[in-house]
Amino acid sequence: MAERSTAAVDVADTSGDEPLTAQADQSTADGVANNRERDTDSDEAQGNPTSEEPGKTSPPELHSGHKLARRYRLEECVTRLDGFSSWRAVDEKLRRAVGVHLLPADHARARSVLAAARSSALLGDPRFVQVLDAVEDNDLVYVVHEWLPDATELTALLAAGPLEVYDAYQMVSQVASAMAAAHREGLAHLRLSPNAVLRTSTGQWRIRGLAVNAALRGISSDTPQRTDTEAIGALLYATLTQRWPYESDAHGLAGLPKDIGLIPPDQVRAGVHRGLSELAMRALANDGATASRHESPCTTPEELVKAIGEMPRIRPPEPAYTAPPQYQRTPYQQGGYSRPAPHPGVTQPVPTPPPPLQSRTGKALKWGVSALLIAALGLGSWQLADALMERGGKADDPNQTQTVDGDNDKNDEQTKPTKPISVQGAQEYVASGEAQAPQDVAKTYDGDASTFWRTKRYNEGPTLAPYKPGVGIVYDLGSAQDVSTASVALRYTGDHTTVHFYAADALSPSTGVDSMKEIASATTTGTSLTAKASKPVKTQYVLLWVTDVPNAPSDGYSGAGYKQAITDVTFKG
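Per this note's numbering, the very first residue in the sequence shown carries number 492; after that it's consecutive.
Quick look at the structure:
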């Protein structure tokens, strides 16, 4: 199952006059290395009229080393609150870090947590942290999700200061568009906060805890779109000013001075981008806040996305120019040898070279060279005529076979030689649903034709969609390479196999397939397939994406159905 979590501002108190995000607490840790959240029982001490009563069941006694489903080994507890706990764990089957939320099966919120996890998993949006599993096992309910060790919480970024204008623009654009997509599917976050918004090493922004974080705490809202929009406005306000837009301190940020109300970001800090300042106020234009130019407030993520689109686009900063080192002349150019150094401001005359070969010896040499050239031309002409006469004689012999080159038009075209590119590593790419055979990925480039990675067996085909958009593997070429050709050896024949190759940004791509650049694609009914790019594409990571598989018979691995297996993959550049 695939979940993508979003970070949202916590709703801690809706009973007073302050906005819904005014007293936001910290969100559940969903897996960022060295960025653990520290929820305490004081979160619920303030009271929340929209929350359910906390479950009376005590959390199960779990410890580091405990294993769930004989697969997920708990490593470190990062949150323990209100009958549930959150852990960093290891998926021993796939050998990767994951995050796990745990609560008793008879907990008052167990049903809603399972439902939220399964609903958000169906969204399939790569901008949200992916839910990998949601299970009720005897007396436990647990939700397994991605752990992103290369991502950094917005909380940690703001600890160093406000973000640059372009980074703040990218954050609000990506978070707003992601939440607009979630709300179109009927999903809300309700706990968007700096702890729930992550920036990956590639500069992409991802959201964790979509629906799940609120369900764990029993939070609901009568106006979920307004709640999430105001939360995005608070995030933008914080990135511009390094202040939380309410009087209360929250998320490691100081609140605004008391009794002055909500003032625009460009009045809190000098140099703030005017357009982003007004955008933050429009998103926060609830419960008394007003936009700087009396523009209409944004009360839904969709309206916020539209407002961002109407702004002049903010471009990334130009890279700093480094002047090249001053050219150092050689000692000879500086006059250190026989030629004296020129005086400043004095133009040095350029000596005129002597006329070539004007002496008696030079004239003799010229005549000698000319004679040799004439002799060589005569000898070549004689040999050419003799060869033509010999070929003419042979052409009259009916017993001779003449070979004709049928591609004379291409004789003067030189094919650029290609070189093999070695694969340094690979990882299965799961866009939605279950993985295929992640433990066998290395068998596709081990040089052994008898080993392979195989797909699951499907009842419908050959096209996998709409049940599954595709299955595939991301290959690491070690460094950026010019990829022009990809060859795949297949196990099953039949009608038909289609494979696409895309340039990805990492072994775990931060974008979906639709956002990747396609290198090449090919379709075959046999056991080999070669895809050639019209123009080489430079990339370090290549996604092999299978969208169609043939109907293959039963074998020792699976029954008859639509399936395929890859034995060898090679790349050339």
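Note that CB positions come from ideal geometry on N, CA and C, so glycine has one too.
How is residue i classed by DSSP in three states: helix, strand or coil?
i	result
residue 715	helix
residue 946	coil
residue 792	helix
residue 497	With a pLDDT of 32 at residue 497, under the threshold of 50, the predicted position of this residue should be treated as unreliable, and no value is reported.
residue 578	strand
residue 985	coil
residue 1040	coil
residue 935	helix
residue 861	helix
residue 558	strand
residue 768	helix
residue 726	helix
residue 757	helix
residue 799	helix
residue 535	Residue placement at residue 535 is poorly supported in this model, since its pLDDT is 33, which falls under 50; the coordinates are not used for a value here.
residue 703	helix
residue 564	strand
residue 1051	coil
residue 571	strand
residue 752	coil
residue 677	coil
residue 971	strand
residue 871	helix
residue 927	coil
residue 980	strand
residue 940	coil
residue 922	coil
residue 512	Because residue 512 carries a pLDDT of 39, less than 50, the predicted location of this residue cannot be relied on, and the following value inherits that uncertainty. Residue state, collapsed to three classes: coil.
residue 899	Legend: pLDDT at residue 899 = 41, less than 50; position of this residue unreliable, no value from coordinates given.
residue 889	With a pLDDT of 41 at residue 889, under the threshold of 50, the modelled position of this residue cannot be trusted; read the value that follows with caution. Residue 889: coil per DSSP, three-state reduction.
residue 708	helix
residue 773	helix
residue 856	helix
Since residue i sits in a beta bridge, which residues does DSSP pair it with?
i	result
residue 614	For residue 614, which the question treats as bridged, DSSP gives no partner whatsoever.
residue 720	Looking at the DSSP assignment, residue 720 forms no beta bridge with any residue, so it has no partner.
residue 912	1062
residue 955	Per DSSP, none; premise fails for residue 955.
residue 697	689
residue 746	735
residue 964	919, 1035
residue 1057	944, 981
residue 741	744
residue 990	1013, 1037
Below 8 Å on the Cβ atoms is my guess for residue i versus residue j; work out the distance and round it to an integer in Å.
i	j	result
residue 663	residue 723	6 Å
residue 735	residue 726	No, residue 735 and residue 726 are not in contact; Cβ-Cβ is about 10 Å, not under 8 Å.
residue 732	residue 748	Not confirmed; about 12 Å, so no contact.
residue 681	residue 730	Not a contact, Cβ separation roughly 21 Å.
residue 917	residue 974	The Cβ separation is near 15 Å, so there is no contact.
residue 573	residue 699	At roughly 19 Å, the Cβ-Cβ gap does not stay under 8 Å, so residue 573 and residue 699 are not in contact.
residue 935	residue 1040	Wrong, their Cβ atoms sit about 15 Å apart, outside the cutoff.
residue 1059	residue 940	6 Å
residue 612	residue 622	4 Å
residue 1028	residue 1008	6 Å
residue 567	residue 555	7 Å
residue 580	residue 590	7 Å
residue 679	residue 702	7 Å
residue 958	residue 805	Contact flag wrong, Cβ pair sits at about 41 Å.
Between residue i and chain C, is the shortest Cβ-Cβ distance under 8 Å, so that the two count as touching?
i	result
residue 1010	Reference to chain C is not applicable here, since this structure consists of a single protein chain.
>> Between the stretch 626 to 639 and the stretch 587 to 600, can you find at least three pairs of beta-carbon atoms closer than 8 Å?
In response: yes
- Does the stretch 1034 to 1054 come within contact of the stretch 943 to 960, defined as at least 3 CB pairs closer than 8 Å? yes
**OP:** Examine the Cβ distances between the stretch 991 to 1006 and the stretch 689 to 697 and report whether three or more of them are shorter than 8 Å.
**Re:** yes
Exercise for the section: Could you pull out every unbroken beta strand (DSSP E) segment of at least 3 residues lying fully inside the stretch 579 to 667, listed in chain order? Expected result: 587 to 595, 622 to 628, 631 to 637
At least three beta-carbon pairs within less than 8 Å, the stretch 978 to 988 to the stretch 1017 to 1035:
yes
Give a yes or no on contact between the stretch 650 to 661 and the stretch 619 to 626, applying the rule of three or more CB pairs nearer than 8 Å. no
_Would you call the stretch 990 to 998 in contact with the stretch 1027 to 1042, where contact means no fewer than 3 C-beta pairs closer than 8 Å?_
yes
Taking the runs of the beta strand (DSSP E) that are 3 residues or longer, which of them lie wholly in the stretch 994 to 1048? 1008 to 1015, 1019 to 1039
Worksheet entry | Three CB pairs or more closer than 8 Å across the stretch 785 to 794 and the stretch 761 to 775 | Yes, the stretch 785 to 794 touches the stretch 761 to 775.
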